[in-house]
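What follows is one structure encoded as structure tokens, with my remarks underneath.
Residue numbers (the working numbering): 7 to 216.
Right, here's the structure in full:
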């Protein structure tokens, strides 16, 4: 029957719509064709969450429609879709809703831990303190992976204290993590080196004074 009526399986249809989206992203003249095809795909498969998510991505990127109705359709069909929550966080960030965006980033990583690396820069830019950062980190071992990813982003000198706090929490949650341990040890050695230099400077000053 599929062959007779030229019906596509959902995976193939996803690929088709994604290809049309990428083409329309490069050529604005293709956007009406993409949206017409997307509407037809949604009519054929009203329970599929990928198609409204693709519509939300297009609306947010092209800024010619509101992405919110599309995201509402997506999350009604798949409340645990991590990518939908991540996109919603971006929409909320653009509207200045910082705390709501942080909550959506937490939900994104809880539902799809593999997104931790991708959303880390957003979380770092939004979280203004260690406590606020911790409020969006998932519990348990998945949270340890997220914390490790966050700590990599804290590279500025004024972020050193926060990085140490994040790494310490990551190790507490998962003692097997090597990367945060290495950063903590490097920080300890740097502090010891400064302390040693301070003592040497003190001895030199005492010698000169004598």
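By construction, the Cβ of each residue, glycine as well, lies at the ideal position given by its N, Cα and C atoms.
Taking the alpha carbon of residue 18 as the reference point, which residue from 32, 35 and 47 has its own alpha carbon closest?
Checked all of 32, 35 and 47; the closest Cα to residue 18 is 47.
Please confirm whether residue 83 and residue 42 have their CB atoms less than 8 angstroms apart.
no
Have a look at residue 2 and residue 102 and give me their C-alpha separation to the nearest angstrom.
Any property of residue 2 remains undetermined from this structure, which presents the chain solely from 7 to 216.
Check this for me: beta carbons of residue 108 and residue 90, under 8 angstroms apart or not?
no
Nearest to residue 185 by CA position, among 105, 93, 60 and 173, is which residue?
Answer by Cα proximity: 173.
Taking the Cβ atom as the reference point for each residue, do residue 183 and residue 169 lie within a distance shorter than 8 angstroms?
no
Terminal residues of the continuous alpha helix (DSSP H) containing residue 79?
74-83
In its own chain, which residues sit with a C-beta less than 6 angstroms from the C-beta of residue 189, not counting the 5 before and 5 after it?
Taking C-beta separations shorter than 6 angstroms and ignoring five residues to either side along the sequence, the partners of residue 189 in its chain run 173, following chain order.
Between residue 198 and residue 157, what straight-line distance do the alpha-carbon atoms span, to the nearest angstrom?
22 angstroms
Between which two residues does the alpha helix (DSSP H) holding residue 149 run?
Segment 146-159, the alpha helix (DSSP H) holding residue 149.
Given this structure, state the Cα-to-Cα distance separating residue 154 from residue 39, to the nearest angstrom.
43 angstroms
Beta-carbon proximity list for residue 146, same chain, < 8 angstroms, skipping 5 on both sides:
179
Taking the C-alpha atoms as reference points, what is the distance between residue 72 and residue 80?
14 angstroms
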